[in-house]
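Residue numbers (the numbering used here), protein chains in the order written: chain A, 208 to 323; chain B, 208 to 323.
I have placed the structure first, in the form of structure tokens, so that the comments after it can refer back to it.
There are 2 protein chains.
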Amino acid sequence: MARASTTSDSFNAVAEPRRRDILTYLALQEREVGEIVHSLGIEQPSVSKHLKVLRDVGLVRVRRNGRHMLYRTNADAIRPLHEWTSTFERLWRHQLARAKERAEQRVQKNTNRIQD
Amino acid sequence: MARASTTSDSFNAVAEPRRRDILTYLALQEREVGEIVHSLGIEQPSVSKHLKVLRDVGLVRVRRNGRHMLYRTNADAIRPLHEWTSTFERLWRHQLARAKERAEQRVQKNTNRIQD
DNA sequence: TTGACATATTCCCATATAGGAATGTATTAA
DNA sequence: TTAATACATTCCTATATGGGAATATGTCAA
């Protein structure tokens with residue numbers, strides 16, 4: 208079996224750095240394709256292809272304005288990602304706390320050594 | 208060019224559903240490979256291969272205990288993902304707020320219609 | 001209607017998968 | 001030392017990719 212399709216879910220769609228750049232760019236405000244091309248310095252066909260992937264998984268929305276297509280990020284589709292990563296929050300707080308503890312123990316030991 | 212390597216960063220590593228399952232499983236507590244195999248119902252060679260990818264990007268840590276390898280999730284490596292998705296939080300709050308507004312306007316209209 | 005502009009799509013290809021099967025390696029127990 | 005256990009690695013293959021180049025499609029302006 209090969210890797211899952213980039214359009215299988217947002218996790219796969221977002222694995223490509225350019226697509227993350229596009230999402231970030233389109234989060235601020237609605238933009239036409241040409242603006243993405245110029246601002247991010249990506250070839251137009253590539254941009255169109257990336258946008259198609261993003262559309263397929265619902266990460267962006269489009270509307271037409273004459274000859275222009277206006278894209279914007281659909282932030283809601285990013286929530287599953289955010290929520291999945293959030294399940295680890297408690298864990299990294301623990302790890303941080305333990306690192307802190309160990310640091311404090313080291314300080315304590317050094318203090319003792321100096322006092323001895 | 209082909210797709211970026213699964214080991215190029217955590218975004219790519221985490222795109223594979225099995226690997227997310229493994230990370231979630233290993234977040235609760237340190238486990239040996241055999242436990243992952245049995246609990247998640249994945250073939251042993253596949254588990255080993257997924258674990259290698261996760262190790263390569265620092266998403267899991269290992270230590271040996273006799274014949275057993277004990278793996279655990281390194282939650283800290285998930286933070287970049289969490290932080291990237293967080294940049295969209297404000298945006299989806301706006302979108303939610305606007306959806307709420309629209310809903311309220313609809314209620315208002317209905318009320319008016321009933322009163323008229 | 002035609003030309004120009006804005007996007008989208010198609011074709012080509014080098015590359016990296018993930019799973020299955022088979023095999024290799026390390027460590028312990030007897 | 002040897003057998004058994006626990007993992008890791010290799011080989012194979014169907015499949016999907018992303019970029020470049022070329023081309024198609026759609027819409028407006030004259």
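Glycine included, C-beta positions come from ideal geometry on N, C-alpha and C.
Computed from a prediction, not measured in an experiment: that's the story for all the values here.
Is there a Cβ of chain B sitting closer than 8 Å to that of residue i, yes or no?
i	result
Q236/A	no
V254/A	no
V280/A	Val is not the amino acid found at residue 280/A; the sequence shown has Thr there. Output row for T280/A: interface = yes.
H289/A	yes
D228/A	no
I285/A	yes
With 8 Å set as the bound, which would you pick, yes or no: does the beta-carbon of residue i sit closer than that to a beta-carbon of chain A?
i	result
G210/B	Before going on, a small fix: residue 210/B reads as Arg here, not Gly. Closer than 8 Å: yes.
V221/B	yes
Q302/B	yes
L277/B	no
T292/B	yes
T214/B	no
Could you work out which residue in the options is closest to residue i when comparing CA atoms only?
i	options	result
E239/A	H257/A, E311/A and R270/A	R270/A
V221/B	Q236/A, A282/A, W299/A and W291/A	W291/A
D216/B	Q302/B, L266/B and E250/B	L266/B
T294/A	Q251/B, D228/B and S253/B	D228/B
S253/B	L235/B, R226/B, L277/B and A234/B	R226/B
I285/B	T231/B, R210/B, M208/B and S212/B	T231/B
I249/A	R262/A, F218/A, R210/A and P224/A	P224/A
Where does residue i land, buried or exposed, given buried means 16+ other C-beta within 10 angstroms?
i	result
N272/B	exposed
R274/A	exposed
V314/A	exposed
Is residue i a contact residue of the ligand PLP, with contact defined as CB to any heavy atom under 7 Å?
i	result
S215/B	The ligand PLP is not among the ligands present in this structure, which contains no ligands whatsoever.
For the pair the region 251-264 of chain B and the region 294-302 of chain B, tell me if three or more CB-CB distances fall below 8 Å. The region 251-264 of chain B, when compared against the region 294-302 of chain B, does not touch it at the 8 Å Cβ threshold.
Counting Cβ pairs, one atom from each stretch, are 3 or more of them under 8 Å apart for the region 301-310 of chain A and the region 232-247 of chain B? No: the two stretches stay apart, fewer than three of their Cβ pairs being nearer than 8 Å.
Scan the region 243-300 of chain A and note each continuous beta strand (DSSP E) run of 3 residues or more that stays entirely inside, going in chain order. As far as the region 243-300 of chain A is concerned, its whole beta strand (DSSP E) runs of at least 3 residues are 267-272 and 275-280.
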